[in-house]
Every structure is written in structure tokens, then in C-alpha cells.
Amino acid sequence: MMEPGTLVVLTGLGAVVGLDFVSFPQAMLSRPLVAATLAGAVCGNVTAGLLAGVLLECFALETMPFGASRYPEWGPASVAAGAVAAVPGADAELTARMLPFAVLAGLLGAMAGGQTLVWLRQFNLKVAARYRDELAAGDAAAVTSVQWTGLVIDFGRAGAVTALFLVVLLPLRDALLDGLNVGGHAASLTVVGVLAVGVGAGAIWKVVHSARGYEWYLAAGVALGSAAAVLL
Amino acid sequence: MKAAPTLPLGTWLHVFVRLFAVQGSYNYETMIGNGIAFAAEPAFRLLPGGRDGDAYHAAMARHSRYFNAHPYLAALAVGALVRAELDGEAGERVERFRTACCGPLGAAGDRLVWAGWLPFCSALALLAYGLGASAAGVLLTFVGTYNVAHVALRAWGLRAGYREGLKVASALGSPVLRTGPLHVARALAIVAGVALPLVLLRVRAGHPTPIGFELGLAALLAVALARWQARTDGWRVGVILLLLFFIYSVVR
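Chains D and P, in that order, give the protein sequences. Going by our numbering, the first sequence opens with residue 46, and the numbers climb by one from there. Going by our numbering, the second sequence opens with residue 31, and the numbers climb by one from there.
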């Protein structure tokens with residue numbers, strides 16, 4: 046099991062990237078590429094964290110935070126996925142075998158985290174309603190209170206969500222360490238890699254196909270990248 | 031149009047920093063309305079009578095109501111609204127402007143940032159990964175590239191909004207917002223197209239078999255998801271397939 050100090054640091058990281066996602070400062074620290082890699086670094090295996098982050102980033106290409114729509118929240122889930130992937134003392138083969146579980150945990154965690162964002166917005170509405178008269182009178186203290194309450198609650202929410210993910214997922218990972226062995230690490234990498242890249246490519250097509258002729262730019266890029274991948 | 035009154039540097043910085051928290055109290059009724067008032071408040075202190083004046087309270091009340099726009103381009107609205115209030119524009123005119131600019135600022139920002147710059151920066155970082163960059167290199171590529179434009183867009187929005195005031199619609203015709211999304215989408219298509227096969231190559235590093243079969247499978251999945259885009263999201267399909275693989279791994 047992980048040391049308490051590491052859990053605290055990961056929880057803090059989850060709180061920061063969770064706050065970043067919508068509330069402050071939206072610098073995209075919450076993207077899986079960043080959050081999972083940093084979590085891997087905290088756990089002493091930055092390579093495993095980066096691998097989980099890259100794969101989750103491919104999935105995340107499909108979900109953009111448009112307005113009030115409901116979308117997965119990647120930050121805390123990616124911190125948990127990075128921590129799950131970074132098995133202490135693991136070699137490359139063990140890391141690879143654990144990767145589908147880490148990515149699955151990240152995806153399911155992102156779905157769950159997205160629901161907590163809905164609850165946060167409902168809570169923010171209740172706070173604003175409590176100050177309705179003051180806000181209508183132009184009371185700056187009320188505006189500041191509503192804003193700071195939202196920021197602090199979001200920070201706490203993201204930290205709590207991250208801690209919950211870690212407390213559930215890390216013991217589960219440890220229990221599974223010897224059990225996941227289908228086809229060894231090669232099958233794990235093939236399955237998770239093909240899924241991530243396939244979903245990522247589909248997501249990019251959705252973004253670019255609405256502009257006439259742009260699918261050809263994508264096709265040219267894929268042809269170039271595939272040729273390089275086959276030749277390298 | 032008269033020249034914009036000069037704002038003290040401290041006020042500029044105060045408003046600019048607060049813009050990064052404009053969605054801090056996001057909710058389903060007023061959206062980012064409270065955040066707009068929160069961001070603009072340091073500038074409203076310059077209104078006649080200061081913090082105790084009627085103009086200050088009227089402005090705060092007006093701007094904490096419903097407002098919705100892309101969070102980065104909300105800077106354009108904040109700049110314009112601050113200018114309007116300091117110019118003493120009629121409240122009804124300011125209200126009409128607030129209502130009118132929500133849609134265009136939301137649509138332009140979504141197109142430029144969420145559907146353009148963000149996936150482009152992701153693809154660029156994935157390309158860096160595929161080409162063998164270190165973890166620090168991948169992170170710096172993503173965070174650095176993304177935030178140069180992010181911060182610049184907010185700063186430009188605040189300046190342009192304040193300069194133009196309620197005539198800020200002209201700023202929406204800026205080449206960055208008009209043709210920028212098309213250029214970014216084109217670059218995204220090429221960079222992502224090159225990056226994704228190289229990502230697969232590096233993910234399966236050391237795998238003894240040729241990569242062609244896996245590239246073919248990924249392409250098939252992408253085509254299927256593109257065809258079914260109205261029916262399902264690719265990441266949900268990914269969850270289901272990974273879950274099936276995971277269950278198979280455990281029970282076998």
C-alpha cells in the first residue's frame with residue numbers, strides 16, 4: 046500500500062488539477078497528459094504515468110468542455126490512473142499488464158467526476174440563491190463570497206474525489222497484480238493502444254470533417270504517420 | 031467615440047487575474063454572471079462615488095446577473111462592459127449589449143479554443159511523445175504551447191474590449207477569430223494524423239510483430255466511430271471494450 050505522505054500529495058495534486066478544469070485557471074493542467082504524468086512522477090514512475098496519460102489523452106480528444114454540457118472530468122481521474130499505472134518497483138512488463146486497468150479506471154473515474162461537477166453547479170446555485178437580495182442590490186461582498194465559496198468547494202470536491210478514487214483503486218490494483226495475465230504484456234498494450242488511437246482518430250475526424258476538404262489533410266497525416274511507424 | 035480613460039496598471043492587473051476565475055461560481059441559472067461582476071469589480075471602484083456610490087452598486091447588480099460566454103473570450107465582454115460603465119452609458123444599453131454578446135462570444139470561443147487550439151496542442155504533445163520526447167518535453171510542449179495562446183487571448187480580449195467599448199463587435203471580426211479556427215483545424219488534422227500512428231508505435235515499443243495489423247485495427251475502429259458518431263461516443267465504446275477485456279483477463 047502507498048505511504049500516507051504520497052497519498053496526501055496525490056490528493057493535493059488532484060485538488061489542484063480539479064480546480065483547474067473549470068474554476069481556476071483553466072491552464073489545462075487537468076488534461077490526462079499532464080495530471081497522469083505528474084501522478085506517476087509523485088509515485089516514482091513517471092514513465093508509467095506518462096503512458097497512462099498519453100492513452101487517456103487520446104480518449105479525451107473526444108470530450109471538449111462546451112458550455113453547460115455534461116462531460117467527463119479528467120483531472121482527478123487521471124491522477125488516480127497515473128498512480129494506478131505506477132506500480133512500485135514494477136518492470137516494463139508488469140506496467141504494461143496493469144495499463145488496461147489504469148486506463149479503464151481513468152475512464153470510469155472521469156465519468157464519475159463529471160457527475161460531481163453537476164452537483165457542484167447545483168450547489169453554486171443554492172449559494173447564489175442565498176445571496177439573491179444582496180446580489181440584486183449590487184453588494185460586492187456578496188459577489189466575492191459567492192465566487193470564493195465556489196472556488197473553495199470545487200477545490201475540496203476535487204481533492205475528495207481524488208482521495209476516494211485512490212482509496213478504492215490502489216488496493217484493487219494490488220489485489221489484481223498477479224491475476225491479469227492474458228497474453229502477457231503484448232496483448233495488453235495492443236488492446237489499450239489500438240482502442241486509444243482508434244478513438245482519438247475518430248475524435249479528430251469529428252472535429253475536422255465539417256470543413257470541406259479537411260478530411261484529406263487528416264488522411265495525408267495518417268498516411269505519413271503510418272508510413273513512418275511501419276518504417277521506424 | 032471618445033478616447034478610453036486610462037486605467038491604473040494595478041486595476042488592469044487586478045481585473046486580468048480575476049478573469050482566470052471567471053467560472054469560479056458557475057451554475058445553471060446565472061452561468062458565469064457572478065464571475066463577470068467579480069472580474070470587473072476592481073475597475074468599477076473608479077466609478078463616481080467609489081465603492082459607496084450608486085453607480086458602483088448599479089454596475090455590480092447589473093453584471094452579477096445571467097451571462098454566458100466562452101470563459102476566455104469573456105475577457106472581451108468584461109473589457110467592453112468596464113468601458114461602458116466608466117463612460118456612463120445608460121443601463122438599458124449596457125443590458126442589451128450583455129444579452130447580445132453572449133452567443134457570438136460563446137460560439138467563437140468554442141470554435142477557436144475547445145474545437146481547435148486545445149485538440150491541436152494535445153496532438154502536438156502526442157506527436158512529441160511519438161517522436162520519443164521525455165515526459166518533461168511532452169508536458170512542456172502541451173502546457174507551454176497551450177497557455178501562450180490562452181493567456182494572450184485573455185489579454186487581447188480585455189484590451190480590445192476596453193478600447194472598443196460597446197462597439198466591440200468589430201473585434202469579433204478579427205482574423206484570429208474569423209479565420210483562425212480554419213487554420214488551426216487544418217493544422218490539427220495533419221499533426222494528429224501523423225501523431226496517432228507514432229503514439230501506437232511508441233506505446234507498443236519492443237513488440238516483436240509488425241505494427242501494420244494494429245494500425246489497421248485502429249483505423250477500422252476510427253472509421254466505425256466516425257460513422258456512428260450520432261449514436262455513441264468513442265470513449266464510451268472504449269470503456270465497454272476495455273471492461274470486456276478486463277473481465278476476460280480476470281476470469282480466464
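Here a beta-carbon is modelled for each residue, glycine too, at the ideal position from N, C-alpha and C.
Quick check: residue i and residue j, are their CB atoms within less than 8 angstroms of each other?
{"i": "P/F68", "j": "D/V188", "result": "yes"}
{"i": "P/L196", "j": "P/A110", "result": "yes"}
{"i": "D/G151", "j": "P/A248", "result": "no"}
{"i": "P/L103", "j": "P/A73", "result": "no"}
{"i": "D/G270", "j": "P/L228", "result": "yes"}
{"i": "D/E102", "j": "D/L74", "result": "no"}
{"i": "P/C131", "j": "P/A107", "result": "yes"}
{"i": "P/A222", "j": "D/G266", "result": "yes"}
{"i": "D/L64", "j": "D/T82", "result": "no"}
{"i": "D/T108", "j": "P/W42", "result": "no"}
{"i": "D/L165", "j": "D/R115", "result": "no"}
{"i": "D/A5", "j": "P/E71", "result": "For residue 5 of chain D there is no data in the structure shown, the boundaries of chain D being 46 and 277."}
{"i": "D/Q3", "j": "P/P101", "result": "Residue 3 of chain D lies beyond the range of chain D shown here (46 to 277); nothing can be said about it."}
{"i": "D/T140", "j": "D/A125", "result": "no"}
{"i": "P/R95", "j": "P/G63", "result": "yes"}
{"i": "P/L274", "j": "D/P145", "result": "no"}
{"i": "P/V45", "j": "P/L188", "result": "yes"}
{"i": "P/I241", "j": "D/V275", "result": "yes"}
{"i": "D/V67", "j": "P/Y56", "result": "yes"}
{"i": "P/Y159", "j": "D/V99", "result": "yes"}
{"i": "D/A182", "j": "P/A91", "result": "yes"}
{"i": "P/L135", "j": "P/A99", "result": "yes"}
{"i": "P/G40", "j": "P/V52", "result": "no"}
{"i": "D/G158", "j": "D/P133", "result": "no"}
Pick helix, strand or coil for residue i, following the three-state DSSP scheme.
{"i": "P/F276", "result": "helix"}
{"i": "P/F97", "result": "strand"}
{"i": "P/N64", "result": "helix"}
Among all the DSSP beta bridges, which residues are the ones paired with residue i?
{"i": "P/N177", "result": "Beta-bridge pairing links P/N177 to no other residue."}
{"i": "D/N279", "result": "For residue 279 of chain D there is no data in the structure shown, the boundaries of chain D being 46 and 277."}
Since residue i meets chain P, which of its residues come closer than 7 angstroms, beta carbon to beta carbon?
{"i": "D/T140", "result": "Chain P residues near D/T140: none, gap ~11 angstroms exceeds 7 angstroms."}
{"i": "D/S271", "result": "P227 and L245"}
{"i": "D/A265", "result": "I220 and G223"}
{"i": "D/F69", "result": "F50, A51 and G54"}
{"i": "D/W250", "result": "A252 and A256"}
{"i": "D/P110", "result": "W144"}
{"i": "D/F104", "result": "W265 and G268"}
Using a C-beta to C-beta distance shorter than 8 angstroms, which residues of chain P count as neighbours of residue i?
{"i": "D/N169", "result": "S55, Y56 and N57"}
{"i": "D/Q282", "result": "Nothing about residue 282 of chain D can be read from this structure; chain D reaches only from 46 to 277."}
{"i": "D/E359", "result": "Outside the modelled stretch of chain D, which goes from 46 to 277, sits residue 359 of chain D, for which no answer is possible."}
{"i": "D/F210", "result": "Result: empty, since nearest Cβ-Cβ is about 16 angstroms, beyond 8 angstroms."}
{"i": "D/A173", "result": "S55, N57, E59, T60 and N64"}
{"i": "D/V87", "result": "Those within 8 angstroms of D/V87 in chain P number zero; the least Cβ separation is about 12 angstroms."}
Strictly below 8 angstroms CB to CB, what residues from chain D border residue i?
{"i": "P/S204", "result": "What P/S204 touches in chain D: nothing, since even the nearest Cβ is about 19 angstroms away."}
{"i": "P/F172", "result": "M73, R76, L78 and V79"}
Taking Cβ-Cβ distances shorter than 9 angstroms, what residues in chain D pair up with residue i?
{"i": "P/L154", "result": "Chain D residues near P/L154: none, gap ~11 angstroms exceeds 9 angstroms."}
{"i": "P/W186", "result": "The contacting residues do not exist; P/W186 stays about 16 angstroms from chain D at best."}
{"i": "P/F275", "result": "P145, L149, V227, A232, S233, V236, V237 and L240"}
{"i": "P/H180", "result": "P70, Q71, A72 and M73"}
{"i": "P/G86", "result": "What sits at residue 86 of chain P in the sequence shown is Tyr, not Gly. Chain D residues near P/Y86: G183 and A185."}
{"i": "P/L135", "result": "Within chain D, no residue comes near P/L135; the closest Cβ sits about 11 angstroms away, beyond 9 angstroms."}
{"i": "P/R81", "result": "A185"}
Please list, in chain order, the chain D residues whose beta carbon lies closer than 7 angstroms to that of residue i.
{"i": "P/Y176", "result": "M73"}
{"i": "P/Y159", "result": "V99"}
{"i": "P/S200", "result": "Near P/S200 there are no residues of chain D at all, since even the closest Cβ is about 25 angstroms away, more than 7 angstroms."}
{"i": "P/R216", "result": "Y259 and Y262"}
{"i": "P/W42", "result": "In chain order: nothing, as chain D lies at least about 17 angstroms away."}
{"i": "P/E71", "result": "A185 and V188"}
Which bits of chain C does residue i rub up against, with CB to CB less than 7 angstroms?
{"i": "D/P133", "result": "Of the protein chains in the structure, D and P, none is chain C."}
Who are the neighbours of residue i on chain P, taking C-beta pairs under 9 angstroms?
{"i": "D/W164", "result": "In chain order: nothing, as chain P lies at least about 11 angstroms away."}
{"i": "D/V280", "result": "The structure shown does not extend to residue 280 of chain D, since chain D is modelled only from 46 through 277, so no value can be given for it."}
{"i": "D/L217", "result": "Residues of chain P passing the Cβ test: none, with the nearest at roughly 11 angstroms."}
Quiz item: Curious, which full-length alpha helix (DSSP H) runs of at least 4 residues does the stretch 74 to 140 of chain D contain?
Solution: For the stretch 74 to 140 of chain D, whole alpha helix (DSSP H) runs of length 4 or above, ordered along the chain, are 77 to 87, 91 to 105 and 119 to 130.
Quiz item: Which full runs of the alpha helix (DSSP H) of 4+ residues lie inside the stretch 175 to 216 of chain P, going along the chain?
Solution: Qualifying alpha helix (DSSP H) stretches, in chain order: 205 to 208.
Quiz item: What alpha helix (DSSP H) runs, 4 residues minimum, are completely inside the stretch 242 to 272 of chain P?
Solution: Counting only runs of 4 or more, we get 242 to 257.
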